[in-house]
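This report refers to the structure that appears directly beneath it.
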Amino acid sequence: MQMVLQPLGIRPVNSGAGCGPTDGWLTGSGPERVSFSPIDGQPIAAVRQADGDDYEAVMARAREAFHRWRRVPAPRRGQIVRAMGDALRSHKAELGALVTLEAGKIVAEGEGEVQEMIDMADFAVGLSRQLYGKTMQSERPDHRMYEQWHPLGAVGVVTAFNFPVAVWAWNAFLAAVCGDVVVWKPSSKTPLTAIAVHHLIAPILERHDLAGVFNLVIGQGSAVGERMISDPRLPLISATGSCRMGRQVGMAVAKRYGRSILELGGNNAVIVCADANQDLALRATLFGAVGTAGQRCTSTRRLFVQRSIHDAFVAKLVKAYDQVTIGDPRAAATLMGPLIDGNAVDEMQSALAAARSQGGEVIYGGNRVDGVPGGFYVQPTLVAAANDLPIVQAETFAPILYLIPFDDLEEAIAQHNDVPQGLSSAIFTESLANAERFLSSAGSDCGIANVNIGTSGAEIGGAFGGEKETGGGREAGSDAWKAYMRRQTNTINYGRSLPLAQGIHFDI
Ligand code: NAD
Numbered sequence: 009m010q011m012v013l014q015p016l017g018i019r020p021v022n023s024g025a026g027c028g029p030t031d032g033w034l035t036g037s038g039p040e041r042v043s044f045s046p047i048d049g050q051p052i053a054a055v056r057q058a059d060g061d062d063y064e065a066v067m068a069r070a071r072e073a074f075h076r077w078r079r080v081p082a083p084r085r086g087q088i089v090r091a092m093g094d095a096l097r098s099h100k101a102e103l104g105a106l107v108t109l110e111a112g113k114i115v116a117e118g119e120g121e122v123q124e125m126i127d128m129a130d131f132a133v134g135l136s137r138q139l140y141g142k143t144m145q146s147e148r149p150d151h152r153m154y155e156q157w158h159p160l161g162a163v164g165v166v167t168a169f170n171f172p173v174a175v176w177a178w179n180a181f182l183a184a185v186c187g188d189v190v191v192w193k194p195s196s197k198t199p200l201t202a203i204a205v206h207h208l209i210a211p212i213l214e215r216h217d218l219a220g221v222f223n224l225v226i227g228q229g230s231a232v233g234e235r236m237i238s239d240p241r242l243p244l245i246s247a248t249g250s251c252r253m254g255r256q257v258g259m260a261v262a263k264r265y266g267r268s269i270l271e272l273g274g275n276n277a278v279i280v281c282a283d284a285n286q287d288l289a290l291r292a293t294l295f296g297a298v299g300t301a302g303q304r305c306t307s308t309r310r311l312f313v314q315r316s317i318h319d320a321f322v323a324k325l326v327k328a329y330d331q332v333t334i335g336d337p338r339a340a341a342t343l344m345g346p347l348i349d350g351n352a353v354d355e356m357q358s359a360l361a362a363a364r365s366q367g368g369e370v371i372y373g374g375n376r377v378d379g380v381p382g383g384f385y386v387q388p389t390l391v392a393a394a395n396d397l398p399i400v401q402a403e404t405f406a407p408i409l410y411l412i413p414f415d416d417l418e419e420a421i422a423q424h425n426d427v428p429q430g431l432s433s434a435i436f437t438e439s440l441a442n443a444e445r446f447l448s449s450a451g452s453d454c455g456i457a458n459v460n461i462g463t464s465g466a467e468i469g470g471a472f473g474g475e476k477e478t479g480g481g482r483e484a485g486s487d488a489w490k491a492y493m494r495r496q497t498n499t500i501n502y503g504r505s506l507p508l509a510q511g512i513h514f515d516i
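The sequence shown: position 320 = 328 (our numbering), numbered continuously.
The following block contains the structure:
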């Protein structure tokens, strides 16, 4: 364990609050909290959490830093992000190993998460020379009209345990090139990965005298989370987590006329048509449902298979599930590691009990397994179900896949959309008409809709997020950056008269 912790500066007890540079760590005056590994339930290291005073100290530093940072030209801000991307590049294996240790992801997924951060840094560096505004044609003579984008302020970033570092990068790198400063509250389940990221970027921030641009506050909900969401000094809160959390955050931020980006739960489905390439569909479904032990917001949770191929396809799926090696995520052969903690195992068991009592039938898995003693391992599980069962309508953060046969595509799309969430979706078909129907305005109602690839594993180049109870926020690529800036419309009169718009005359 020391080989993972030491290169990342993780000590037996770590400060949970800092302003960036190496000497920017605060003492952390809140209660100590131990982070346990889901691999074996053993303690990894402790964090002295931030209390209210620490939070105030960080916010003061962030506010002061914003006044300087917003005046740094965006391409120079991009150079700082480039250096941070390089630091991540050269520590990809180490940080990935800590993600594995603290979040339980298999090695490829732990490192893949760090790669996503690196990609995001590259994207943001390019963006730092763009941040384009439009020029409009004025209706008045000798007038010029355009819009420009200015930095917004300090951005509060609240992250979930299941992408303990990548989601910070999606937000922080965009916010930084946009001229904002960042205050990060990671999940209390994965604080050490956040501390490690801050250790990695500290020398860069120190070298460039950038205390207060990237800040970290790890603390209890009441001491930190609740303060952040009602703090008007944070004009934007970007929060990733459950729909329950999003409802609280969205309401608190709206109450103070703040802005929020909400990235919440999904209930993602794959539709497999009778004409699909079944090999592709099978592999994508397996990865989508079993990858990260079903703990991705984009995990495949419902599978609609056309009735004529349903039984044969499910038989192949059962065979594939049988091949999944479950166990220590550090082992090269492991495909599925543990759930995050004992609560997650209990929630999976309660969901399966509910499914059974509502008329569903567990046709594969459903049990705890011994991976490593003390860890939280379960079997990936298949449940024959109907879309309208209450348990199918909810997101259970575990590897449960509900199997639902369908007869015609219109019916499948209607059921597909008939859940409260709207994050990611996919169809497998060789028919252009089916694919286009699924992508049309009368098709999938999700923020992400794919053809012949699964629901999980989005690229950072596209805007990421979903509709309905998934929150409506967008992060990462495309023009998601606009949410991190304030838009200003400017009109310049370079003539010698004062014509009014809409033909109004107001002569004196
Ligand atoms: P969670 O809602 O329990 O916690 C997420 C974060 O919110 C944590 O940092 C937590 O401390 C914080 N939080 C909770 N209540 C808060 C409050 N009132 N004020 C301020 N902060 C508060 O979620 P989790 O268990 O860590 O993560 C799993 C969930 O996250 C799943 O529902 C998953 O779908 C979702 N998720 C969504 C996306 C996405 O992009 N849509 C990505 C990853 C995870």
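Each residue gets a CB set at the ideal place from its N, CA and C atoms; glycine is no exception.
(1) Quick check on His151: does DSSP put it in helix, strand or coil?
(2) Closer than 7 Å to a non-hydrogen atom of ligand 1 - does that hold for the CB of Phe169?
(3) So, helix, strand or coil for Asn285, using DSSP?
(4) Could you tell me the distance, in whole angstroms, from the CA atom of Ala68 to the CA atom of Asp62?
(5) Does DSSP put Lys193 in a helix, a strand or coil?
(6) Give every residue of the same chain whose Cβ lies closer than 7 Å to the Cβ of Gly296, excluding the five residues on either side of it in the sequence, and list them in chain order.
(7) Quick check on this structure: which residue in Ala339, Arg252, Asp487, Val261 has the alpha carbon closest to the alpha carbon of Gly273?
(8) For Met11, is the classification buried or exposed, using 16 other Cβ atoms within 10 angstroms of its Cβ as the cut-off for buried?
(9) So, using beta-carbon positions, are Ile348 and Lys197 closer together than 8 Å?
(10) Is it true that the CB of Val89 sits closer than 8 Å to the CB of Ala132?
(11) Using only the alpha-carbon positions, how far apart do Ala420 and Tyr385 sit?
(12) Between Ile18 and Leu200, which are expected to be in contact by the criterion C-beta below 8 Å, what is the C-beta distance as a whole number of angstroms?
(13) Buried or exposed: which applies to Gly6, given that a residue is buried once 16 or more other Cβ atoms fall within 10 Å of its Cβ?
(14) Can you give me the C-alpha to C-alpha distance between Ala362 and Gln429, rounded to a whole angstrom?
(15) List, from N- to C-terminal side, the beta strand (DSSP E) runs of 3 residues or more that fit wholly inside the stretch 128–190.
(16) Considering Cα atoms alone, identify which of Gly299, Met125, Tyr502, Ala284 is closest to Phe436.
(17) Whole angstroms are fine: how far does the CA of Asp515 sit from the CA of Ile468?
(18) Whole-angstrom Cβ separation of Phe405 and Ala352, contact assumed at under 8 Å?
(19) How many whole angstroms separate the CB atoms of Val191 and Asn223, which I take to be in contact at a CB cut-off of 8 Å?
(20) Does ligand 1 have a heavy atom nearer than 7 Å to the CB of Thr248?
(21) Is Ser432 helix, strand or coil when you go by DSSP?
(22) Starting from Ala68, follow the alpha helix (DSSP H) in both directions and report where the run begins and ends.
(23) Are the beta-carbon atoms of Ala247 and Leu270 separated by less than 8 Å?
(24) In the DSSP assignment, the alpha helix (DSSP H) including Lys502 goes from what residue to what residue?
(25) Could you tell me the alpha carbon to alpha carbon distance between Glu102 and Ala422, rounded to whole angstroms?
Walking through what the data contain:
(1) strand
(2) yes
(3) coil
(4) 10 Å
(5) strand
(6) Val278, Ser307, Thr308, Gly462, Thr463, Ser464
(7) Arg252
(8) exposed
(9) yes
(10) yes
(11) 33 Å
(12) 5 Å
(13) The question about residue 6 has no answer, for the chain in this structure spans 9 to 516.
(14) 20 Å
(15) 151–159, 162–166
(16) Ala284
(17) 55 Å
(18) 6 Å
(19) 5 Å
(20) yes
(21) strand
(22) 60–77
(23) yes
(24) This sequence places Tyr at residue 502; Lys is not what is there. First-last for Tyr502: undefined, no H or E at that position.
(25) 45 Å
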